[in-house]
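Undergrad:
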């Protein structure tokens, strides 16, 4: 009997020491820190973004835009995106007020008819401008939307990482996401998405991480769709933080007449 | 007068500026063709036959900026293949001056107001319905206004004041190319003259109220859709009665979608009593619309539009004085619209459907369209304009013989 107890105790004890349980409490904290490092660095951000969409046959499409971001109270944010190319969207501006715990407000400016309108696309899993990135991949997923599990400690390209598994609470097009999060910077270096059949279909890679104004910045990233063979590479050029964006930039006035100082 | 002063002030300020700082050139080459598929021929088959439009268009756009001012010039060089004629359209051409709390834009400019989707109440700026009915790209529904626009911004409320010295009526299809209904032979058109008194003024005040973009509007000017004044028992002249509009619009997030509300009172200044049958009676107008994404990259929208006539009894009485043939309208005229939009293949393929239906006029207008971005710089659309109705005298019903297939291809540079 006592022998049995000892055995149980040993099993229990070794289980408690395993990284999975050791980190069970703080998997959510790690994701929180990772979101802060990835989507919220600085008080604001200005960047020139170049996206290259490559199809299975090798056909490429390019999108060039300026992205302005300002952090508001809590985890709320404002985004202003101005399209430089391709020609059919040149001069188009897109504005988002992102709220934590409730749906975004989204506006679109169509220069050909000088129209500012609200847009109804609510689905954060929709493709961002036809790329392999979704709106969520660009501005972050609500922390409350997933359950998190600490998988293991590991190294990726020589960097120590936390490996975290996220499972969406409500149904979406993936059932599981595995993230390799840099222990030093909390930047997600790699993410794998598994579809409802449980097979890997999308991979995110932070290919180049620089330091800008003392903050880590992913300056080159890719999202590859393993199943379709489609791939999107995003390069952030001239990224700067804490540039002093004022709230009035994120208004109808500047949607209609983009703030030249910031969008060049 | 304000227009002239603003122009002068701008010229003085611009004379010190040079646009060498940044100038950019862009544009497109476009082919657009629209053919009637009903087999019907107009009285003038030599003019157009089965074709409603056939155009090659070269757009040149030059924009430049220097300091607080900038300019834009957008010109369409058009070859009309049906009439074998060339023309130059100034699409937009304006100068901007920007200050901390106000902006001024002078010149030809496109202005779009309101919360409707292809339905307008407080947007009284020039439009070209001929372009819409013959399948030209949607942007050509709107035409530039020759105007001065002053915008003022503050945290409490922002404002736009638009001064339009030259009246520009809506463009409707050419009877040489379209089958249209007219109760009488149109002889001449009485357009408001180019006099200072006829300057149109439009004001918009706007701010956010909660999560809603909210605007108030006032307009003083003229109806853009003409009335008909009988000259004899068979002939009539078109004219544009005075109009004032007071309205509002709201658009914002509601129940996982976008809710749009707009209303306006069309005050018929030349016929306050409503007893002149040739002038549109005063009406209260409204739009309620809702748009929602139902699944990834699929959006569905619906709108209801209404016009409620104020002095209906007097309108009914006054009809007796008109020659027979003038159709009688109901007190409440309504339209229902539906839009479906599905994006496919990484947003390069778009399937869309827009339809109008009037339950009182019992007429409809349906536009199914496919758009494909062949490359980053080239796109094409193919679509149908399908019209019809119980009567050939209603707005869409009269167009019933004009069902057409259209195609556009555009190369952007």
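Residue numbers (my numbering), protein chains in the order written: chain A, 1151 to 1414; chain B, 1220 to 1632.
The beta carbon of each residue, even a glycine, is placed where N, CA and C say it ideally should be.
Can you tell me where the beta strand (DSSP E) holding residue 1514 of chain B begins and where it ends?
TA: Residue numbering aside, residue 1514 of chain B sits at position 295 when the second chain is read from its first letter. First-last of the beta strand (DSSP E) with residue 1514 of chain B: 1502-1514.
Undergrad: Give the single residue among B:1269, B:1248, B:1250 whose Cα lies nearest to the Cα of residue 1258 of chain B.
TA: Translated into positions along the second chain, residue 1258 of chain B becomes position 39. Taking only the C-alpha atoms, the option nearest residue 1258 of chain B is B:1269.
Undergrad: Report yes if the C-beta distance between residue 1563 of chain B and residue 1516 of chain B is below 9 Å; otherwise report no.
TA: Your numbering for residue 1563 of chain B matches position 344 in the second chain. Your numbering for residue 1516 of chain B matches position 297 in the second chain. Going by C-beta atoms, residue 1563 of chain B is nearer than 9 Å to residue 1516 of chain B.
Undergrad: Taking the alpha carbon of residue 1231 of chain A as the reference point, which residue from A:1340, A:1193, A:1197 has its own alpha carbon closest?
TA: As a position in the first chain, residue 1231 of chain A is number 81, starting the count at 1. Comparing Cα-Cα distances from residue 1231 of chain A to each of A:1340, A:1193, A:1197, the minimum goes to A:1197.
Undergrad: What alpha helix (DSSP H) runs, 4 residues minimum, are completely inside the segment 1224-1295 of chain A?
TA: The qualifying runs are 1285-1289.
Undergrad: Hey, is the segment 1607-1625 of chain B in contact with the segment 1352-1367 of chain B, meaning 3+ C-beta pairs nearer than 8 Å?
TA: Contact between the segment 1607-1625 of chain B and the segment 1352-1367 of chain B is present, because at least three Cβ pairs lie under 8 Å.
Undergrad: Between which two residues does the beta strand (DSSP E) holding residue 1438 of chain B run?
TA: Locating residue 1438 of chain B in the second chain gives position 219, where the first residue counts as 1. Counting along the chain, the beta strand (DSSP E) containing residue 1438 of chain B begins and ends at 1431-1441.
Undergrad: What's the C-alpha gap between residue 1434 of chain B and residue 1319 of chain B?
TA: Here residue 1434 of chain B is taken as the residue at index 215 of the second chain, counted from 1. Here residue 1319 of chain B is taken as the residue at index 100 of the second chain, counted from 1. Between residue 1434 of chain B and residue 1319 of chain B, the C-alpha separation is close to 22 Å.
Undergrad: Beta-carbon of residue 1238 of chain A versus every beta-carbon of chain B: anything under 9 Å?
TA: What you label residue 1238 of chain A is simply residue 88 of the first chain in a count that begins at 1. For residue 1238 of chain A, the answer is yes, since a Cβ of chain B falls inside 9 Å of its Cβ.
Undergrad: Which residues does DSSP pair with residue 1470 of chain B in a beta bridge?
TA: Translated into the one-based positions of the second chain, residue 1470 of chain B becomes position 251. Partner(s): B:1432, B:1479.
Undergrad: Just to confirm the assignment, what range does the beta strand (DSSP E) spanning residue 1331 of chain A have?
TA: For this step, residue 1331 of chain A is matched to residue 181 along the first chain. Taken as a continuous stretch (DSSP letters only), the beta strand (DSSP E) holding residue 1331 of chain A covers 1324-1332.
Undergrad: Quick one: measure Cβ to Cβ for residue 1440 of chain B and residue 1343 of chain B, integer angstroms, because I've assumed they're closer than 8 Å.
TA: Counting from 1 along the second chain, the entry for residue 1440 of chain B is found at position 221. Counting from 1 along the second chain, the entry for residue 1343 of chain B is found at position 124. Yes, residue 1440 of chain B and residue 1343 of chain B are in contact; Cβ-Cβ is about 7 Å, under 8 Å.
Undergrad: Suppose the cutoff is 7 Å on Cβ atoms and the five residues either side in sequence are ignored; what does the same chain contact list for residue 1249 of chain A look like?
TA: Translated into positions along the first chain, residue 1249 of chain A becomes position 99. Excluding positions up to five away in sequence, the list reads 1226.
Undergrad: Which class does residue 1295 of chain B belong to by DSSP, given the choice of helix, strand or coil?
TA: Sequence index remark: in the second chain, residue 1295 of chain B carries index 76 (1-based). In the structure shown, residue 1295 of chain B sits in a strand (DSSP, three-state: E or B).
Undergrad: Buried or exposed: which applies to residue 1221 of chain B, given that a residue is buried once 16 or more other Cβ atoms fall within 10 Å of its Cβ?
TA: Your numbering for residue 1221 of chain B matches position 2 in the second chain. Residue placement at residue 1221 of chain B is poorly supported in this model, since its pLDDT is 49, which falls under 50; the coordinates still yield a value, given next. Under this definition residue 1221 of chain B is an exposed residue.
Undergrad: Assuming residue 1571 of chain B and residue 1559 of chain B are in contact, meaning their beta carbons sit under 8 Å apart, how far apart are those beta carbons, in whole angstroms?
TA: Taking the second chain and counting its residues from 1, one reaches residue 1571 of chain B at position 352. Taking the second chain and counting its residues from 1, one reaches residue 1559 of chain B at position 340. Sure, about 7 Å apart at Cβ, within 8 Å.
Undergrad: Express the C-alpha separation of residue 1486 of chain B and residue 1217 of chain A in angstroms, rounding to a whole number.
TA: Position 67 of the first chain holds residue 1217 of chain A. Position 267 of the second chain holds residue 1486 of chain B. Roughly 45 Å separates the two Cα atoms.
Undergrad: For residue 1358 of chain B, which residues in chain A fall below 9 Å Cβ to Cβ?
TA: Walking along the second chain from the start, residue 1358 of chain B turns up at place 139. Ordered by position in chain A, the residues that pass the 9 Å Cβ test against residue 1358 of chain B are 1260, 1262, 1263.
Undergrad: Going by C-alpha distance, which of B:1551, B:1627, B:1475 is nearest residue 1525 of chain B?
TA: For this step, residue 1525 of chain B is matched to residue 306 along the second chain. Of the listed residues, the one whose Cα sits closest to residue 1525 of chain B is B:1551.
Undergrad: In the DSSP assignment, what are the bridge partners of residue 1318 of chain A?
TA: Reading the first chain from its first residue, position 168 is the one you call residue 1318 of chain A. For residue 1318 of chain A, which the question treats as bridged, DSSP gives the partners A:1296.
Undergrad: At 7 Å on the CB atoms, spell out the chain B contacts of residue 1410 of chain A, in chain order.
TA: What you label residue 1410 of chain A is simply residue 260 of the first chain in a count that begins at 1. Ordered by position in chain B, the residues that pass the 7 Å Cβ test against residue 1410 of chain A are 1284.
Undergrad: To be precise: take each residue of the segment 1371-1392 of chain A, compare its Cβ to all Cβ atoms of chain B, and keep it if any distance is under 8 Å. Which residues remain?
TA: Those would be 1380, in chain order.
Undergrad: Would you tell me roughly how many angstroms separate the C-alpha atoms of residue 1301 of chain A and residue 1313 of chain A, rounded to the nearest one?
TA: Here residue 1301 of chain A refers to the residue found at position 151 when the first chain is read from its first residue. Here residue 1313 of chain A refers to the residue found at position 163 when the first chain is read from its first residue. Straight-line Cα distance between these residues: approximately 5 Å.
Undergrad: Strictly below 8 Å CB to CB, what residues from chain B border residue 1253 of chain A?
TA: Your numbering for residue 1253 of chain A matches position 103 in the first chain. Result: 1472, 1475.
Undergrad: Taking beta-carbon pairs under 9 Å, can you tell me which members of the segment 1186-1211 of chain A lie near chain B?
TA: For the segment 1186-1211 of chain A, which is checked against every Cβ of chain B, the residues closer than 9 Å are 1203, 1205, 1209, 1210, 1211.
Undergrad: Does residue 1210 of chain A come out as helix, strand or coil in the three-state DSSP assignment?
TA: The residue given as residue 1210 of chain A occupies position 60 in the first chain. Correct three-state label for residue 1210 of chain A: strand.
Undergrad: To the nearest angstrom, report how far apart residue 1540 of chain B and residue 1422 of chain B are at their CA atoms.
TA: On the second chain, residue 1540 of chain B is found 321 positions in, with the first residue counted as 1. On the second chain, residue 1422 of chain B is found 203 positions in, with the first residue counted as 1. Answer to the nearest angstrom: the Cα atoms are 37 Å apart.
Undergrad: For residue 1394 of chain A, tell me which candidate among A:1403, A:1287, A:1411 has the shortest Cα-Cα distance.
TA: In the first chain, the residue the question calls residue 1394 of chain A occupies position 244. Residue 1394 of chain A has its Cα closest to that of A:1411, out of A:1403, A:1287, A:1411.
Undergrad: Going by CA-CA distance only, name the one from B:1566, B:1459, B:1303 that's closest to residue 1274 of chain B.
TA: Position 55 of the second chain, counted from the first residue, corresponds to residue 1274 of chain B. Considering only alpha carbons, the answer is B:1303.
Undergrad: Exposed or buried, what is residue 1586 of chain B when buried is set at 16 or more other beta-carbons lying within 10 Å of its beta-carbon?
TA: Translated into the one-based positions of the second chain, residue 1586 of chain B becomes position 367. Looking at its Cβ environment, which holds 16 or more other Cβ atoms inside 10 Å, residue 1586 of chain B is buried.
Undergrad: Who are the near neighbours of residue 1556 of chain B in its chain, counting only those whose CB is closer than 6 Å to its CB and skipping five residues on each side?
TA: Your numbering for residue 1556 of chain B matches position 337 in the second chain. Counting only Cβ-Cβ distances below 6 Å, and skipping sequence neighbours, we find 1522, 1575.
Undergrad: Using only alpha-carbon positions, find the residue among B:1283, B:1299, B:1589, B:1608 that is nearest to residue 1633 of chain B.
TA: Shown here, chain B extends from 1220 to 1632; a query on residue 1633 of chain B therefore has no answer.
Undergrad: Bridge partners for residue 1391 of chain A per DSSP, in chain order?
TA: Numbered from its first residue, the first chain carries residue 1391 of chain A at position 241. In the DSSP output, where bridge partners are listed per residue, residue 1391 of chain A has A:1195.
Undergrad: Quick check: the segment 1173-1190 of chain A against the segment 1395-1402 of chain A, are at least 3 beta-carbon pairs closer than 8 Å?
TA: No: the two stretches stay apart, fewer than three of their Cβ pairs being nearer than 8 Å.
Undergrad: Per DSSP, residue 1311 of chain B is paired with what?
TA: What you label residue 1311 of chain B is simply residue 92 of the second chain in a count that begins at 1. The partner list for residue 1311 of chain B (beta bridge, DSSP) reads B:1293.
Undergrad: Along chain A, in chain order, which residues have C-beta atoms closer than 8 Å to that of residue 1330 of chain B?
TA: Locating residue 1330 of chain B in the second chain gives position 111, counting from the first residue. Near residue 1330 of chain B (Cβ distances below 8 Å), the residues of chain A are 1264.
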